[in-house]
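Just so we're aligned, residue 14 is where the sequence shown starts under the numbering used here, counting upward by one. Heads up, the beta-carbon is just placed ideally off N, CA and C, and yes, glycines get one too.
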Amino acid sequence: MGVALLVLAQVAGLLLIPFGLPGIWLQVVSLGVFAWATGFREVGWVPLVLVVVLAIIAEVAEFALGGKYAERYGGSRRAAWGAILGGIAGAILGVPVPIVGSVIGAFVGSFVGAALLEMSNSRDWRNPEWRGAMRVGWGAFLGRLVATAVKSGIGVAVAAVAVLSAVW
């Protein structure tokens, strides 16, 4: 019964990740609760530490990739920060929209944050370069997309570690 609940929590966590919700942390906490409930006989400290490290890597990658892609598409460091902060702000502002609001908000926020801060980096602030800023915003959008895929992949690894450590 306990392993079945653990598997259910892992699947639920995986389903939450693409929506910008803390699914990976649900996975980590569920493994911790399972380990505690079984007196750490079925799951030791090594898998617990491993999934926490993986979750931290996933979070850092999620926030950093939008900025890296904005820079890759010709953006300044300011635009990279705009992508990161815009993604966070968009995810928060999108929460009231049911189910997909935080995802859409994070994608749009990354795009808008990178594009606006790239335009603000222009030498002639009265006539900013729109085309270049839109390209940088597109890069931030793609970075957010890649970040979601990377975080989902790490979530699969967390689920594998959790389930395999519980079964063995």
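I need the boundaries of the alpha helix (DSSP H) containing Gly18, first residue and last residue. What sits at residue 18 in the sequence shown is Leu, not Gly. 15-29 is the extent of the alpha helix (DSSP H) around Leu18.
Exposed or buried, Met14, counting other C-beta atoms within 10 Å across all chains shown (16 or more means buried)? exposed
Taking the straight line between their C-alpha atoms, what separation do you get for Thr51 and Val108? 36 Å
Measuring alpha carbon to alpha carbon, tell me which residue in Gln23, Arg144, Leu29 is nearest Met12. Residue 12 falls outside the range modelled here, since the chain spans only 14 to 181, and no answer is possible.
Check each candidate in Pro35, Arg90, Ala119, Val113 and name the one with the smallest Cα separation from Ala102. Ala119
Residue from Phe32, Gly33, Val56 whose Cα sits closest to the Cα of Val42: Val56
Cβ neighbour criterion (16 or more within 10 Å) applied to Val174: buried
Residues near Val121 by beta carbon distance below 7 Å, same chain, minus five either side: Gly103
Give the DSSP-derived three-state secondary structure of Phe53 in the structure shown. coil
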